[in-house]
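For reference, the structure discussed in these notes is given below.
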Amino acid sequence: DRKLAAAVVRLLLAAFKFPDAQVRCTSVDGYKLPAGIAVQKRLQTEVHHSKALVALVTPHALKSLNFLMEVGGRWGSGRPLLPIFGVGATSRDLNDWLRDYNGVHVESQNEMLQFVQNLGRVLKRRPEAPAAYLGAVRQCAAISRAAKQQYLRQHGQPAESAQRQLEGEMKTEDAAPAMGEAYAAFS
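Going by our numbering, the first residue of the sequence shown is number 182, and it counts up by one from there.
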């Protein structure tokens, strides 16, 4: 998930030319939380107050209680939540209360181009011309496809069953990403 999260951050930086201080993605170097802060409080504040929260929904993220709490916190705030599905995850994998959010599939070039336009409207920022970030869109798709193949080799199951497996096991220790790993907040 970290490679895909980094690729999504690169895509959004190419599309919007954000200053680094306006992006938070705790699994991507340069966008992690600062040293010495109270992590839970800071994440709670950023998840609640950012202009947009992009949730990278993957089988690993769906197994992370921290991811589900962060996305659930955003849902409870009523502020913009934009899911991106990757590594084979789909809206069917989401809990009932999140299924209502329309998301895009990182492997669909057209959906990702639309996503950039949608995010621009939420942020009230005009993105660069698509030619400036089309290569980054394609890189995201390639990374997701490769990660999906690796997931299937390791787990021998469709990515869509990750949520059902979580409901049966409620384990987060092995496959779960680090806290906040699969989201990016934009202030």
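Glycine included, each C-beta is placed from N, C-alpha and C at the ideal position. None of the values given here were measured: they were computed from a predicted structure.
Is it buried or exposed, residue i, if we count other Cβ atoms within 10 angstroms and call 16 or more buried?
i, result
"LYS213", "exposed"
"GLU227", "buried"
"LYS329", "buried"
"PRO200", "exposed"
"LYS222", "exposed"
"ALA196", "buried"
"HIS241", "buried"
"ARG205", "buried"
"ALA187", "buried"
"PRO264", "buried"
"ALA236", "buried"
"VAL220", "exposed"
"GLY284", "buried"
Residue i: which of the options sits nearest, CA to CA?
i, options, result
"LYS198", "TRP278, LYS244, ALA236 and ARG306", "ARG306"
"LYS232", "ASN247, SER258, ARG326 and VAL220", "SER258"
"LEU315", "GLN335, ASP182, VAL189 and ARG183", "VAL189"
"VAL238", "TYR282, LEU193, ARG191 and HIS336", "TYR282"
"SER325", "GLU288, GLY337, VAL297 and PHE296", "GLU288"
"HIS230", "ALA219, ALA313, ARG273 and GLY254", "GLY254"
"ALA270", "LEU243, GLY217, PHE248 and GLU251", "LEU243"
"LEU333", "HIS286, VAL268 and ALA219", "VAL268"
"PHE148", "ASN247, ASN299 and HIS286", "Here the chain comprises residues numbered 182 to 368, so residue 148 is not present and cannot be evaluated."
"GLN203", "PHE248, LEU246 and LEU304", "LEU304"
Report, in whole angstroms, the separation of the C-beta atoms of residue i and residue j, which I expect to be a contact under 8 Å.
i, j, result
"LEU224", "LEU262", "No, LEU224 and LEU262 are not in contact; Cβ-Cβ is about 15 Å, not under 8 Å."
"GLY301", "PRO311", "GLY301 to PRO311, Cβ: 12 Å. No contact."
"ARG183", "SER208", "5 Å"
With a cut-off of 8 Å, do at least 3 Cβ pairs link the segment 213–223 to the segment 311–321?
no
Which whole runs of the beta strand (DSSP E) in the segment 278–312 are 3 residues long or more, in chain order?
none
Check whether the segment 268–279 touches the segment 289–296, taking contact to mean three or more Cβ pairs, one atom from each stretch, closer than 8 Å.
no
Where in the segment 239–278 do unbroken runs of the beta strand (DSSP E), each at least 3 residues long, occur, reported from the N-terminal end onward?
262–266
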